[in-house]
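Last residue of the sequence shown: number 199 in this note's numbering, and the count goes up by one each step with no gaps. Using N, Cα and C, we set each Cβ at its ideal position, and we do this for glycine too. Before any comments, here is the structure.
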Amino acid sequence: GLTNADLVGIDAAAKEYFEQRKAMADGTWEGYASIDLIDEEIAWENLNLTDPLQFEECEEVLEEMEDDDRPIYMPEKMLLYDLNFNVSNLFLAACNHNPEAPVVLPQWLYQIEVYTRYKHVRDVGFKIDWAEAERADMSELERYWKGLGYDAVPVRSPQDTNMIKVEPPDEDDIQISHMQEWLKEVYDPEFDEVFFDDD
C-alpha cells in the first residue's frame, strides 16, 4: 500500500499540477506566454477534426493574409490563439483603450470579414459607435496581450500608426482651391507657344 510519505507526495504533485494549469490559463506559466504553449501542428489538425467550418474559415483568412503586404508573425499560431477570444470585442476594446491610436492587429480585420461568428458585425456594415466601444470587455483585451507576453496593453502614439486625421479646410485652403479651378478653366496652354520670327 501507500505510505504517508507517498500520499504527501501525491498531494504536492496534484497541487503543483493544478497551480500550473491555472498559470497556463492566465498566461503566466514559468514566464511563458500562453501563445507559446500552442503546438500549431497538433492544434491545426484538431481544429480540422473538431470544427471543419472554422478550419475552412481559418484557411481562407490565411490566404488573404498571404496576399497582404504586411508581414504577420506566426500567422497560423496567431489565428489559433485568436480563436480563444472575441475579436470584435478586442477591436472595440482597443479603440476604447487608446482612441487616438488603437493597436489593431491585421488578422483581426480578416477574421471579422470572414468568420461566421462575426456575421453580425458585417450585417451592420461594420458600423460601430463609441457607446459600443465603451461597453467593450477591457479585461479580455488585457488577457489577450498578457497571453502574448506583454505586461500591459501596448499604447502607440498617432504618429506610430498609419491613421490619418482629416481636418476641415480653412479660408486660405478654400481660396487656393478656387484659384486652381479658375486657372484650369481660363488658362489656355497654347498661349505659351509664342514663336518669334527673326525675319
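Answer yes if the region 124–134 comes into contact with the region 59–73, meaning at least three C-beta pairs across the two stretches below 8 Å, and no otherwise.
Verdict: no, contact absent.
Measure how close the beta-carbons of residue 91 and residue 140 come, nearest whole angstrom, since I'm counting them as under 8 Å.
At roughly 11 Å, the Cβ-Cβ gap does not stay under 8 Å, so residue 91 and residue 140 are not in contact.
Kindly indicate which residue of 176, 41, 171, 57 has the alpha-carbon position closest to the one of residue 119.
Among 176, 41, 171, 57, the Cα nearest to that of residue 119 belongs to 57.
Taking the C-alpha atoms as reference points, what is the distance between residue 153 and residue 36?
The C-alpha of residue 36 is placed about 18 Å away from the C-alpha of residue 153.
Can you find a C-beta in chain C that's less than 9 Å from the C-beta of residue 133?
In the displayed structure, chain C is absent; only one protein chain is listed.
I'd like the list of long-range same chain contacts for residue 100, defined as Cβ closer than 8 Å, with 5 residues on each side in sequence excluded.
Once the five neighbours on either side are set aside, the close Cβ partners of residue 100 are 157, 158.
Residue 157 - DSSP class collapsed to helix/strand/coil
Residue state, collapsed to three classes: coil.
Distance check for residue 167 and residue 181, CA to CA, integer angstroms please.
Residue 181 and residue 167: Cα-Cα distance of roughly 21 Å.
With 16 other Cβ atoms within 10 Å as the buried cut-off, status of residue 175:
With a 10 Å radius around the Cβ and a threshold of 16 neighbouring Cβ atoms, residue 175 comes out exposed.
Nearest-angstrom Cα distance between residue 236 and residue 2?
The structure shown has nothing for residue 236, since the chain only spans 1 to 199.
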